[in-house]
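Numbering (the UniProt record's numbering), first residue to last: 1 to 398.
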């Protein structure tokens, strides 16, 4: 019958359809060239961290996991290598006057990132010795931000809470049959959940000697067994210990800001007072870094840094310009008379005096419908002088 050849011809046409729809010759070459141009343009727009991946590979999955967990991607990218190489400079933007300490810590981290050290030990174990407010805690926060993406990756343990021998179980977890079994230890559970973090053991000298011994294995082997028998790895942590032992010695050696002693010399001088508090086995497993007392010049630099931070917050939240003159810095330095308080006195001074006055003016003008164009801080009669250049409120005649 005549219908059969027609059906066969139709089937052949259907089979040839997809092939016929494909461009060929010059059209195909033009489309491929256009596709290549668009892909290069997209790569230029997205940079080294593209939002859209052309293919899903191991690196793509690792990047997503890193974003979720805070665990760094295994393969180091160029920017991360540069960040580690310039780590001391990055930290110095937040910690002023302690360049020697930042360089010592940075060198240790560089060795670890180059995979030239013992992979089973913590990245580094440092004891930061010095008076209050010289930048010890700020160092931990800055390291967490630079290495692990944010200050939330600092695990802070206040060692003054562990002055009794039985508090060891609080850190590592209660053993079977004891109250608290299954809840996990304060330290071990935190590290188990955040294996890539900075561990800050604050005021270590106040802890019981049994607590000191608990860390021998952590510093030496890089792991601790919790109350449930799980092995908690510390090999990806950076451990910082703070202590006020030897503060008077450091202050005495650094009386003359123009003749500051060598950090290694101070560290050697600190060994005797440290041995009165800590066992030799503990000190032998860490590096002691003395922190210099803050001079007036350093306090001035820190005050300027704090004022600039206030200015950034005002600009980011209110789109208002903030400025201050040199007399403001001198006033702050003059009021920071307690050497043992260090930079904390600057923060307290700004938080309790300057910021409340600015805040009151902001809120008053919000209620009255008056805008603020800029904030200027100066000094008058030994106190902060504030001036606000107001812009006309919306709807009001200028």
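By construction, the Cβ of each residue, glycine as well, lies at the ideal position given by its N, Cα and C atoms.
Within the same chain, show all residues whose beta-carbon is closer than 7 Å to that of residue i, passing over the 5 residues directly before and after it, in chain order.
{"i": "residue 314", "result": "320, 322, 375"}
{"i": "residue 298", "result": "96, 97"}
{"i": "residue 140", "result": "154, 198, 200, 240"}
{"i": "residue 156", "result": "200, 202"}
{"i": "residue 222", "result": "120, 121, 122, 233, 234, 235"}
{"i": "residue 31", "result": "23"}
{"i": "residue 308", "result": "none"}
{"i": "residue 273", "result": "245, 246, 249"}
{"i": "residue 206", "result": "159, 160, 163"}
{"i": "residue 329", "result": "300, 303, 304"}
{"i": "residue 265", "result": "none"}
Within the same chain, show all residues whose beta-carbon is closer than 8 Å to that of residue i, passing over the 5 residues directly before and after it, in chain order.
{"i": "residue 133", "result": "294, 340, 341, 342, 343, 344, 345"}
{"i": "residue 279", "result": "209, 212, 213"}
{"i": "residue 216", "result": "281, 282, 285"}
Taking DSSP as the reference, what is the three-state secondary structure of residue i?
{"i": "residue 286", "result": "coil"}
{"i": "residue 396", "result": "Note that residue 396 scores 43 on pLDDT, short of 50, meaning its location in the model is unreliable; the coordinates nonetheless yield the value given after this. Three-state DSSP puts residue 396 in coil, outside helix and strand."}
{"i": "residue 334", "result": "helix"}
{"i": "residue 156", "result": "strand"}
{"i": "residue 376", "result": "strand"}
{"i": "residue 214", "result": "helix"}
{"i": "residue 193", "result": "helix"}
{"i": "residue 320", "result": "coil"}
{"i": "residue 262", "result": "coil"}
{"i": "residue 65", "result": "helix"}
{"i": "residue 327", "result": "helix"}
{"i": "residue 226", "result": "coil"}
{"i": "residue 383", "result": "strand"}
{"i": "residue 233", "result": "strand"}
{"i": "residue 388", "result": "strand"}
{"i": "residue 364", "result": "helix"}
{"i": "residue 240", "result": "strand"}
{"i": "residue 98", "result": "coil"}
{"i": "residue 207", "result": "coil"}
{"i": "residue 93", "result": "coil"}
{"i": "residue 164", "result": "coil"}
{"i": "residue 314", "result": "helix"}
Can you tell me the Cα-Cα spacing of residue i and residue j, whole angstroms?
{"i": "residue 87", "j": "residue 176", "result": "44 Å"}
{"i": "residue 348", "j": "residue 332", "result": "11 Å"}
{"i": "residue 316", "j": "residue 310", "result": "10 Å"}
{"i": "residue 225", "j": "residue 66", "result": "26 Å"}
{"i": "residue 28", "j": "residue 234", "result": "57 Å"}
{"i": "residue 109", "j": "residue 99", "result": "15 Å"}
{"i": "residue 101", "j": "residue 124", "result": "13 Å"}
{"i": "residue 220", "j": "residue 149", "result": "27 Å"}
{"i": "residue 106", "j": "residue 89", "result": "9 Å"}
{"i": "residue 143", "j": "residue 81", "result": "15 Å"}
{"i": "residue 169", "j": "residue 161", "result": "12 Å"}
{"i": "residue 306", "j": "residue 281", "result": "40 Å"}
{"i": "residue 285", "j": "residue 61", "result": "37 Å"}
{"i": "residue 230", "j": "residue 184", "result": "10 Å"}
{"i": "residue 190", "j": "residue 159", "result": "15 Å"}
{"i": "residue 193", "j": "residue 51", "result": "27 Å"}
{"i": "residue 383", "j": "residue 364", "result": "21 Å"}
{"i": "residue 34", "j": "residue 58", "result": "29 Å"}
{"i": "residue 172", "j": "residue 186", "result": "7 Å"}
{"i": "residue 76", "j": "residue 167", "result": "Residue confidence is low: residue 76 scores 46 on pLDDT, short of 50, so the model does not pin down where it sits. Its coordinate-derived value is still stated next. Taking the straight line joining both Cα atoms gives about 40 Å."}
{"i": "residue 355", "j": "residue 93", "result": "23 Å"}
{"i": "residue 129", "j": "residue 259", "result": "19 Å"}
{"i": "residue 381", "j": "residue 366", "result": "29 Å"}
Which first and last residues belong to the alpha helix (DSSP H) in which residue i is found?
{"i": "residue 350", "result": "Counting along the chain, residue 350 falls outside any alpha helix (DSSP H), and DSSP gives it neither H nor E."}
{"i": "residue 37", "result": "26-46"}
{"i": "residue 202", "result": "Unbroken run through residue 202 is the beta strand (DSSP E), 198-202; no alpha helix (DSSP H)."}
{"i": "residue 180", "result": "Unbroken run through residue 180: none, as it is neither H nor E."}
{"i": "residue 247", "result": "247-253"}
{"i": "residue 295", "result": "Segment: none, residue 295 is in no alpha helix (DSSP H) and carries neither H nor E."}
{"i": "residue 136", "result": "136-148"}
What I want to know is whether the C-beta of residue i ends up closer than 7 Å to one or more non-hydrogen atoms of the ligand MG.
{"i": "residue 134", "result": "Absent from the structure shown: the ligand MG. Ligands present: none."}
Is residue i close to chain C? Criterion is C-beta to C-beta, closer than 8 Å.
{"i": "residue 249", "result": "Looking for chain C here will not work: only one protein chain is present."}
What does a CB cutoff of less than 6 Å around residue i pick up in its chain, not counting 5 residues either side in sequence?
{"i": "residue 113", "result": "84"}
{"i": "residue 257", "result": "295"}
{"i": "residue 111", "result": "117"}
{"i": "residue 261", "result": "253"}
Please specify which runs of the beta strand (DSSP E), each continuous and at least 3 residues long, are wholly inside the segment 101-129, giving them in chain order.
-> List check, beta strand (DSSP E) in window: 124-129.
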